[in-house]
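Chemist: Just so we're aligned, residue 1303 is where the sequence shown starts under my numbering, counting upward by one.
Every residue, glycine too, gets a C-beta built ideally from N, C-alpha and C.
A single structure is presented below for examination.
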Amino acid sequence: MLDAIVQLPNNLFYNTGITTYIWVLNNNKPEARKGKVQLIDASLLYRKLRKNLGNKNCEFAPEHITEITDTYLACVDVERALDVNNDPIGIASKVFSNDDFGYYKVTIERPDRRRAKFTQDAIAPLRFDKQLSEVMEYVYAEHGERVYEKTGYGTEKKKSFLKSIEKDILSWCEENDISLNAKAKAKLLDVKHWLALKALLETAQTLMADIGSIEFDDFNSFKTQVDKSLKAHAIKLSAPEKNAILNAVSWYDETAKKVVKKVVKLTG
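The following block contains the structure:
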């Protein structure tokens, strides 16, 4: 697609002093130009205006346009000429293969190094869904433990507390420019979702009671302690739930020990 790029002189356009380029695109290149890209430097081809027009102080003469056109059509390398003072003049051209513009994308993997420490401040956000944290924090601050009540509201006392204040919650969201899609709204008003998050927080509190608030510079050792505590209390967590707790109480630190996912013994 890219056929050629032509660099133009500075101050060629009114009130535009920046360097400008012409990009020549062609999706039907002639055979001689296929797989090639030509770069043409015409920045030294110009004649001065008698009177500046804003930043515009030069223009192309007809012979300059002809020279650029001929250089493009020839599609060959052109070395820059020098004047008697050994200063560069005229036009220059260089033809490249498409491969010359290629590059390798290299991903450099660094080992994860993490510190970990249980604190009340670190685990407190587990009570709320990350994607709904703002509105959930507001509702809990306003109504406390009532958000976990499954029934007892509405005309037949069968509604949950959350369902009974749905209009108030949505009104607050609107006032605070919080947009909720149907899925987010359903999760926000679902007592089971709130209870699951509360259970996760309580699990984190149990782990903290066992492990304490010692700071670990070896995440592998910390994770082992977490697994032992979970087993001792017969607590089973899904992978996302366990990761939520671990991520809440750990952070990257390049001075910490490497996180080892697993050890593999090579045989043969």
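Provide the residue span of the alpha helix (DSSP H) that contains K1485, from first to last.
Modeler: Taken as a continuous stretch (DSSP letters only), the alpha helix (DSSP H) holding K1485 covers 1484-1490.
Chemist: Mark W1496 as exposed unless 16 or more other C-beta atoms lie within 10 angstroms of its C-beta, in which case mark it buried.
Modeler: buried
Chemist: Let me know if F1398 comes out buried or exposed under the rule of 16 or more other beta-carbons within 10 Å of its beta-carbon.
Modeler: exposed
Chemist: Give, in chain order, every unbroken run of the alpha helix (DSSP H) that is at least 4 residues long and sits entirely within the region 1305-1379.
Modeler: 1364-1376
Chemist: Would the region 1405-1425 and the region 1557-1565 be scored as touching if the rule is three or more Cβ pairs under 8 Å?
Modeler: The region 1405-1425 is in contact with the region 1557-1565.
Chemist: Would you mind reading off the limits of the alpha helix (DSSP H) that contains F1463?
Modeler: Counting along the chain, the unbroken alpha helix (DSSP H) around F1463 starts and ends at 1463-1466.
Chemist: Short check: CB of K1338 to CB of N1400, under 8 Å?
Modeler: yes
Chemist: Going by beta carbon distance, what residues of the same chain come within less than 6 Å of T1322, once the five residues before and after it are set aside?
Modeler: The beta carbon of T1322 is closer than 6 Å to those of L1310 in its chain, skipping five residues each way along the sequence.
Chemist: What did DSSP end up calling V1397 once you bin it into helix, strand or coil?
Modeler: strand
Chemist: Mind pulling the alpha helix (DSSP H) runs of 4 or more residues that sit fully within the region 1519-1562?
Modeler: 1521-1534, 1541-1550
Chemist: Mapping the DSSP letters down to three states, classify P1390 as helix, strand or coil.
Modeler: strand
Chemist: Could you check whether N1313 and K1358 sit closer than 8 Å to each other, using their CB atoms as the reference points?
Modeler: Result yes, Cβ atoms of K1358 and N1313 sit closer than 8 Å.
Chemist: Have a look at I1333 and I1320 and give me their C-alpha separation to the nearest angstrom.
Modeler: First, the amino acid is wrong: residue 1333 is Glu here, not Ile. Using only the alpha carbons, I get a separation of about 35 Å.
Chemist: On the three-pair Cβ rule with 8 Å, is the region 1518-1526 touching the region 1472-1492?
Modeler: no
Chemist: Hey, is the region 1425-1433 in contact with the region 1485-1503, meaning 3+ C-beta pairs nearer than 8 Å?
Modeler: yes
Chemist: Enumerate in chain order the residues of its own chain whose CB-to-CB distance from L1490 is below 6 Å, with the five nearest sequence positions on each side excluded.
Modeler: L1434
Chemist: What are the boundary residues of the alpha helix (DSSP H) that includes A1426?
Modeler: First-last for A1426: undefined, no H or E at that position.
Chemist: Measure the alpha-carbon distance for M1438 versus K1533 and round it to whole angstroms.
Modeler: CA-CA distance, M1438 to K1533, rounds to 31 Å.
Chemist: From the DSSP output, in three-state form, read off Y1406 for me.
Modeler: coil
Chemist: Nearest-angstrom Cα distance between K1419 and I1537?
Modeler: Cα to Cα, the separation comes out at about 20 Å.
Chemist: Helix, strand or coil for L1384, going by three-state DSSP, please let me know.
Modeler: strand
Chemist: If you reduce the DSSP assignment to three classes, tell me which class R1412 lands in.
Modeler: coil
Chemist: What residue does the alpha helix (DSSP H) around V1441 start on, and which one ends it?
Modeler: 1435-1445
Chemist: Rounded to whole angstroms, what is the Cα-Cα separation between L1472 and K1331?
Modeler: 59 Å
Chemist: Which term fits D1305, buried or exposed, when burial requires 16 or more other beta carbons within 10 angstroms of its beta carbon?
Modeler: Its Cβ being crowded by 16 or more others within 10 Å, D1305 is buried.
Chemist: Roughly how many whole angstroms lie between the Cα atoms of E1582 and Y1405?
Modeler: Absent from the model: residue 1582. The displayed extent of the chain is 1303 to 1570, so no value can be given.
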